[in-house]
Amino acid sequence: MNQSAPPHTTPHPAACSGSFTQLLSATRRGARLARLLGVGQLRSWEMPQDLVERAEVVVAELAANAVLHAHVPGRCFRLTLVHEPAAGLLRVEVSDARGDLHPRLPAGPADADALRSGGRGLALVAALADHWDCVPFPPVGKTVRAVLSTRGDAIAISPRASGAVRMSDS
22 MNQSAPPHTT
32 PHPAACSGSF
42 TQLLSATRRG
52 ARLARLLGVG
62 QLRSWEMPQD
72 LVERAEVVVA
82 ELAANAVLHA
92 HVPGRCFRLT
102 LVHEPAAGLL
112 RVEVSDARGD
122 LHPRLPAGPA
132 DADALRSGGR
142 GLALVAALAD
152 HWDCVPFPPV
162 GKTVRAVLST
172 RGDAIAISPR
182 ASGAVRMSDS
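Per the numbering used here, the very first residue in the sequence shown carries number 22; after that it's consecutive.
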């Protein structure tokens, strides 16, 4: 007698919510590894290529900022990716130990000089993400997070998410 097994169905990886977290050394090598691990994780979730490419730049810029502007000797930074397929969102978070430095929008034309020598990383994040913000990471750090839409439709963009941004002491 030939009995066929019932079809085995598993949900498509992109249909499942997931999260990925990794502590990385606050070095250039750690920032590069964050980008590579992030891309690998997104590909394992079978995310669309355009989203992988946007997220790759966002991860690279946020990790570079954590290394360049928020380095505390002996402290790592944390990369977290959270996929929320029901909401059609990917959240990229980079947490560091410098809660005293927060990204901010340029105050006006005087800040344009600062952009000539750097400060374009978060402008790229703002251009590629649907929203970005900065929240405390207790006890003394911060998390800069960016939300990218996984669907064709974008979510509302926060007023903070537009324009060029740089790290400041305020």
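Where a beta carbon is used, it is the ideal one built from N, C-alpha and C, also for glycine. Quantities reported herein were computed from a predicted structural model and do not represent experimental measurements.
Expressed to the nearest angstrom, what Euclidean distance is found between the alpha-carbon atoms of Val-93 and Ala-81? Approximately 19 Å, taken between the alpha carbons.
For Val-115, tell me which candidate among Trp-66, Pro-69 and Val-78 has the shortest Cα-Cα distance. Val-78
Return the chain-ordered list of same chain residues with a C-beta closer than 6 Å to the C-beta of Phe-158, the five sequence neighbours on each side being excluded. Ser-116 and Thr-164
So, for Phe-41: in the same chain, excluding its five sequence neighbours on each side, which residues have a beta-carbon less than 6 Å away from its beta-carbon? Gln-62 and Leu-102
Assuming Glu-82 is part of the alpha helix (DSSP H), what are its boundary residues? 70-90
Within the 7 Å Cβ cut-off, does Arg-75 reach chain B? Absent from the structure is chain B; it holds one protein chain and no more.
For Val-156 and Gly-95, the rounded distance between their alpha carbons: 22 Å
Can you give me the C-alpha to C-alpha distance between Val-146 and Pro-160, rounded to a whole angstrom? Spanning the two alpha carbons is a distance of roughly 26 Å.
What's the C-alpha gap between Ala-87 and Ala-167? 14 Å
Among all the DSSP beta bridges, which residues are the ones paired with Glu-114? Per DSSP, Thr-101 and Arg-166.
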